[in-house]
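*Asks:* 1 is the number of the first residue of the sequence shown in full-length UniProt numbering; add one for each residue after it. Supplied in structure tokens, the structure appears directly below.
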Amino acid sequence: MRISILGPLEVEGDAGPIAVGGLRLRALLALLALLALEAGHTVTSARLIDALWPDQPPANAANALQTLVRRLRAALRPYDVVESRPGGYALAVAADDVDALRFRGLGTDGLDLWRGAPLADLTAVPLLANAAAALEEARLAAVEARAEARLAAGLPVDLTAEVTAHPLRERLCALAMRALAASGRQAEALALFERTRRTLADELGVDPGPELRAAHLSVVSGDSPAPA
């Protein structure tokens with residue numbers, strides 16, 4: 001069984017997708033995601049309870065968690081992968097069977113695993129919101145690393161969508177400027193710098209950092225190499 005959380009949560013068995021319509025309760029999806037993020041390892045009952053009911057746990061939280069576990073097991077049949085462990089529960093699948101865990105080991109080669117916002121529709125759970133933010137940061141770092149490698153190899157790079165989505169991320173903007181200049185679009189690179197400079201000033205009250213300033217200087221001086 002494979003779990004995909006780099007986008008809306010999906011489950012796939014040997015015969016194809018497993019309909020998750022049976023997981024009607026958001027809490028069941030959240031429980032599956034919490035276990036999938038730690039696939040093969042025990043997640044304590046206390047941590048699961050804190051994550052699933054962060055504001056006001058039910059009167060008998062332990063029983064409520066056990067009920068959720070039973071429902072999750074029923075929804076995932078015939079796959080018996082939700083194990084009871086001393087002090088908690090574990091999802092008995094390999095790390096490679098969870099796309100987010102596989103991505104961590106693949107770096108830039110794992111970017112194709114992404115289908116959308118990680119843990120989509122589950123970020124109302126604070127612990128999952130934090131996990132989603134960490135995954136998105138890892139994705140952006142991989143996007144930047146891939147762009148850097150392509151630029152170094154003289155290959156074209158298009159970061160337009162990423163810069164639009166993350167206008168305050170200076171490294172991303174610097175790479176986008178370099179890519180634009182390398183394709184002969186110096187005016188667009190300079191316009192991007194000016195937009196980013198204003199956004200940084202308006203929203204954060206700061207000036208561009210060293211990497212962004214260096215990219216600007218490179219464009220102005222005409223030092224950006226052309227793609228191969």
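C-beta atoms are modelled at their ideal positions from N, C-alpha and C, and glycine is treated no differently. Since we're looking at a predicted model, the values are computed, not measured.
Would residue 233 and Val-81 be called neighbours here (beta carbons separated by less than 8 Å)?
*Replies:* Since the first residue shown for the chain is 1 and the last is 228, residue 233 is missing from the structure and cannot be characterised.
*Asks:* Going by DSSP, what residues sit across from Gly-88 in a beta bridge?
*Replies:* Paired residue(s): Thr-44, Arg-85.
*Asks:* Cα separation between Val-220 and Leu-113?
*Replies:* If you take the alpha carbons of Val-220 and Leu-113, they lie about 37 Å apart.
*Asks:* Once DSSP output is grouped into helix, strand and coil, what is the label at Ile-5?
*Replies:* If DSSP states are grouped into helix, strand and coil, Ile-5 belongs with coil.
*Asks:* What are the boundary residues of the alpha helix (DSSP H) that includes Glu-137?
*Replies:* Element bounds for Glu-137: 126-152.
*Asks:* Shortest alpha-carbon distance to Ala-176 belongs to which of Leu-192, Ala-165, Leu-106, Asp-96?
*Replies:* Comparing Cα positions, the closest option is Leu-192.
*Asks:* Give me whichever residues DSSP pairs with Gly-16 in a beta bridge.
*Replies:* DSSP lists Gly-13 as partners of Gly-16.
*Asks:* With H, G and I counted as helix, E and B as strand and the rest as coil, what does DSSP make of Val-219?
*Replies:* Of the three classes helix, strand and coil, the one that applies to Val-219 here is helix, per DSSP.
*Asks:* To the nearest angstrom, report how far apart Ala-132 and Ala-117 are at their CA atoms.
*Replies:* Rounded to the nearest angstrom, the two C-alpha atoms are 8 Å apart.
*Asks:* Tell me Val-69's beta-bridge partners as DSSP assigns them.
*Replies:* In DSSP, Val-69 forms no bridge with anything.
*Asks:* Nearest to Leu-151 by alpha carbon, out of Ala-182, Leu-135, Gly-222?
*Replies:* The shortest C-alpha separation from Leu-151 is found at Ala-182.
*Asks:* DSSP has Val-98 in a bridge; who is on the other side?
*Replies:* Answer by DSSP bridge pairing, in chain order: Ile-3.
*Asks:* What separation, rounded to the nearest whole angstrom, lies between the Cα atoms of Gly-209 and Thr-123?
*Replies:* The alpha-carbon atoms of Gly-209 and Thr-123 are separated by roughly 31 Å.
*Asks:* Can you give the Cα-Cα distance for Thr-199 and Ala-145, rounded to whole angstroms?
*Replies:* The alpha-carbon atoms of Thr-199 and Ala-145 are separated by roughly 24 Å.
*Asks:* If contacts are defined as beta-carbon pairs under 8 Å, then Gly-110 and Ala-142 qualify, I think. What distance do you get, rounded to the angstrom?
*Replies:* Right, the Cβ-Cβ distance comes to about 7 Å (below 8 Å), so this counts as a contact.
*Asks:* In this structure, does DSSP put Glu-211 in helix, strand or coil?
*Replies:* The answer is helix: DSSP assigns Glu-211 an H, G or I state.
*Asks:* Enumerate in chain order the residues of its own chain whose CB-to-CB distance from Glu-83 is below 8 Å, with the five nearest sequence positions on each side excluded.
*Replies:* Within the same chain, Glu-83 has close Cβ partners Tyr-89, Ala-90, Leu-91, Ala-92.
*Asks:* Going by DSSP, what residue range makes up the alpha helix (DSSP H) through Leu-119?
*Replies:* Note, Leu-119: premise wrong, no alpha helix (DSSP H); not H, not E.
*Asks:* Can you tell me which of the three DSSP states Ala-59 falls into?
*Replies:* It is coil, neither helix nor strand.
*Asks:* Is Gly-205 helix, strand or coil by DSSP?
*Replies:* Coil, per DSSP.
*Asks:* Measuring CB atoms only, is the region 151-169 touching the region 60-78, in the sense that at least three cross pairs come out at less than 8 Å?
*Replies:* No, because fewer than three Cβ pairs between the region 151-169 and the region 60-78 fall closer than 8 Å, the two stretches do not touch.
*Asks:* Given 7 Å as the limit, tell me if Ala-95 has its C-beta closer than that to any heavy atom belonging to the ligand NAP.
*Replies:* The ligand NAP is not among the ligands present in this structure, which contains no ligands whatsoever.
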